[in-house]
């Protein structure tokens, strides 16, 4: 991987963690994972998912496995969706964001049900809506920045 | 006249080196501002730590400070939790009480070797048995979510309780020591159909302003968990008073230490809380028996009967 890309993905990780601290309950690293699956070699998203899984499992309060389900479902949605849509289409990202928001609501509810926990529904709905809205916007920003990285074949 | 001329010369005409001096002073000012900012931060930290240290742990309990390293973070943060920088390597276990100088913060939900997740009392999954400080009315306090008041459950309609009264832990769940302040009653209502009062309370700490907390350990539990007394635990050498005493001057008795019923088997930690009485001394042996090397029990809650069975079992096996 080129040095510019290493710096880019390191900054994405740092900013994502910082933003997750500011807006709890929303995954700011998921758009980066989709972008890595679109733009990089397959090893890059695998490594990024591996590192980010540890961050999510360590900082979250759900039992181990919720993060794996989260990113596994995201990757599955992407692979299923890019057969039907153009992978870099903003509409596809919008649909993916909506699916991710719904998945956040469903996954947290299922995990809470299995643990016999109660979760405040209003907050969960708000987080799901935030996730659905933030995902395509953040993906668009990251996509633009990534394309203007030095030594990128798409860079102007 | 000469002085005025000299002053006029040096003030308004002779500017050699003024620019360099100005740059030097600006640089010094920047350094001083930075140092002042750091010192203010240190002073704030010292004040917070002093408040934390001023909290006297109940008898037979010791405390250990911890720093909050993260609040709710990420998509999996479904509960009201935060992360502290002490884990199982420092003797932290699940359900370890976490307190602040203002009152109970929560308990440890899960642990790793170097960090632990603390479940706040404001989470809907947190329920703590409490008793009102003045009227001694019992109930269970339950969280209702972030930035919402707590609810006191199962207080009968006729039970006396007042607005503004402090609720303290009753110690019935055997997680928190008795007498720690938890919340303050803000409103008392009555519902026609319910057998219980509708009571709301506010926690005594501000969740987002917490930076350091203290964990409470039973003295024996910490010693047996780590194998040695933890270094940062402050020594309680002076007479320990409970945090909250009920009105009327009656001092609640400290709960007996849970865990192994054979305190003589546990080597007392030097300077750790009150010395544990050894029942062996009270019952003098008729004949001197050669002292056997005593080992600390591996399980904290292992009953003596179980230990006796384990000791006997190999004897039967060898006899068969």
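Chains as they are written, first to last, in the numbering used here: chain A, 1 to 156; chain B, 1001 to 1320. Beta carbons: idealized from backbone N, C-alpha and C, even for Gly. Here the structure is a predicted model, which is why all the values come from computation and not from measurement.
Could you say which of the options lies nearest to residue i if we only look at CA atoms?
{"i": "residue 122 of chain A", "options": "B/1091, B/1012, B/1147", "result": "B/1147"}
{"i": "residue 1214 of chain B", "options": "B/1191, B/1135, B/1101", "result": "B/1101"}
{"i": "residue 1206 of chain B", "options": "B/1183, B/1003, B/1040", "result": "B/1183"}
{"i": "residue 134 of chain A", "options": "A/94, A/73, A/150, A/51", "result": "A/94"}
{"i": "residue 25 of chain A", "options": "B/1174, B/1079, B/1143", "result": "B/1079"}
{"i": "residue 1126 of chain B", "options": "B/1176, B/1135, B/1163", "result": "B/1176"}
{"i": "residue 1092 of chain B", "options": "B/1039, B/1001, B/1062", "result": "B/1062"}
{"i": "residue 1174 of chain B", "options": "B/1097, B/1150, B/1083, B/1087", "result": "B/1097"}
{"i": "residue 69 of chain A", "options": "A/104, A/85, A/97", "result": "A/104"}
{"i": "residue 82 of chain A", "options": "A/34, A/12, A/115", "result": "A/34"}
DSSP three-state label for residue i, please.
{"i": "residue 1115 of chain B", "result": "coil"}
{"i": "residue 1019 of chain B", "result": "helix"}
{"i": "residue 1181 of chain B", "result": "strand"}
{"i": "residue 1218 of chain B", "result": "strand"}
{"i": "residue 26 of chain A", "result": "coil"}
{"i": "residue 1075 of chain B", "result": "coil"}
{"i": "residue 122 of chain A", "result": "helix"}
{"i": "residue 159 of chain A", "result": "Residue 159 of chain A falls outside the range modelled here, since chain A spans only 1 to 156, and no answer is possible."}
{"i": "residue 1062 of chain B", "result": "strand"}
{"i": "residue 1196 of chain B", "result": "strand"}
{"i": "residue 1069 of chain B", "result": "strand"}
{"i": "residue 1057 of chain B", "result": "coil"}
{"i": "residue 1045 of chain B", "result": "helix"}
{"i": "residue 1279 of chain B", "result": "Residue placement at residue 1279 of chain B is flagged as unreliable, the pLDDT there being 41, under the threshold of 50; a coordinate-derived value is accordingly withheld."}
{"i": "residue 1052 of chain B", "result": "helix"}
{"i": "residue 1035 of chain B", "result": "helix"}
{"i": "residue 1201 of chain B", "result": "strand"}
{"i": "residue 2 of chain A", "result": "coil"}
{"i": "residue 1014 of chain B", "result": "coil"}
{"i": "residue 1092 of chain B", "result": "coil"}
{"i": "residue 1102 of chain B", "result": "coil"}
{"i": "residue 88 of chain A", "result": "coil"}
Are residue i and residue j close, meaning C-beta to C-beta below 7 Å?
{"i": "residue 1075 of chain B", "j": "residue 27 of chain A", "result": "yes"}
{"i": "residue 124 of chain A", "j": "residue 99 of chain A", "result": "no"}
{"i": "residue 1140 of chain B", "j": "residue 1124 of chain B", "result": "no"}
{"i": "residue 1161 of chain B", "j": "residue 1132 of chain B", "result": "yes"}
{"i": "residue 1095 of chain B", "j": "residue 1107 of chain B", "result": "yes"}
{"i": "residue 1137 of chain B", "j": "residue 1118 of chain B", "result": "no"}
{"i": "residue 1103 of chain B", "j": "residue 1216 of chain B", "result": "no"}
{"i": "residue 1199 of chain B", "j": "residue 1152 of chain B", "result": "yes"}
{"i": "residue 45 of chain A", "j": "residue 142 of chain A", "result": "no"}
{"i": "residue 59 of chain A", "j": "residue 1070 of chain B", "result": "yes"}
{"i": "residue 36 of chain A", "j": "residue 149 of chain A", "result": "no"}
{"i": "residue 128 of chain A", "j": "residue 97 of chain A", "result": "no"}
{"i": "residue 1077 of chain B", "j": "residue 118 of chain A", "result": "no"}
{"i": "residue 1149 of chain B", "j": "residue 1202 of chain B", "result": "yes"}
What are the partner residues of residue i, as DSSP defines its beta bridges?
{"i": "residue 1158 of chain B", "result": "According to DSSP, residue 1158 of chain B bridges with nothing at all."}
{"i": "residue 1140 of chain B", "result": "B/1129, B/1153"}
{"i": "residue 1081 of chain B", "result": "B/1119"}
{"i": "residue 1167 of chain B", "result": "B/1132, B/1183"}
{"i": "residue 40 of chain A", "result": "Paired residues: none, contrary to the question."}
{"i": "residue 1124 of chain B", "result": "None; residue 1124 of chain B has no bridge partner."}
{"i": "residue 1097 of chain B", "result": "B/1107"}
{"i": "residue 1212 of chain B", "result": "B/1067"}
So which residues of chain A does residue i contact, with C-beta pairs closer than 8 Å?
{"i": "residue 1050 of chain B", "result": "Within chain A, no residue comes near residue 1050 of chain B; the closest Cβ sits about 28 Å away, beyond 8 Å."}
{"i": "residue 1152 of chain B", "result": "Residues of chain A passing the Cβ test: none, with the nearest at roughly 17 Å."}
{"i": "residue 1192 of chain B", "result": "By Cβ distance, chain A contributes nothing, its closest Cβ being about 26 Å from residue 1192 of chain B, past 8 Å."}
State yes or no: is the C-beta of residue i nearer than 6 Å to some heavy atom of the ligand PLP?
{"i": "residue 68 of chain A", "result": "This structure does not include the ligand PLP; it has no bound ligands of any sort."}
Give me the chain B residues within the contact set of residue i, using Cβ-Cβ distance strictly less than 7 Å, ordered along the chain.
{"i": "residue 62 of chain A", "result": "1076, 1078"}
{"i": "residue 20 of chain A", "result": "1073, 1074"}
Determine the chain B residues that contact residue i at a beta-carbon separation under 8 Å, and present them in chain order.
{"i": "residue 24 of chain A", "result": "1071, 1072, 1073, 1074, 1077"}
Please list, in chain order, the chain A residues whose beta carbon lies closer than 9 Å to that of residue i.
{"i": "residue 951 of chain B", "result": "What is shown of chain B runs 1001 to 1320, which leaves residue 951 of chain B out entirely."}
{"i": "residue 1169 of chain B", "result": "What residue 1169 of chain B touches in chain A: nothing, since even the nearest Cβ is about 22 Å away."}
Using a C-beta to C-beta distance shorter than 7 Å, which residues of chain A count as neighbours of residue i?
{"i": "residue 1081 of chain B", "result": "61"}
{"i": "residue 1117 of chain B", "result": "61"}
What does residue i reach in chain B if we use C-beta pairs closer than 9 Å?
{"i": "residue 55 of chain A", "result": "1073, 1074"}
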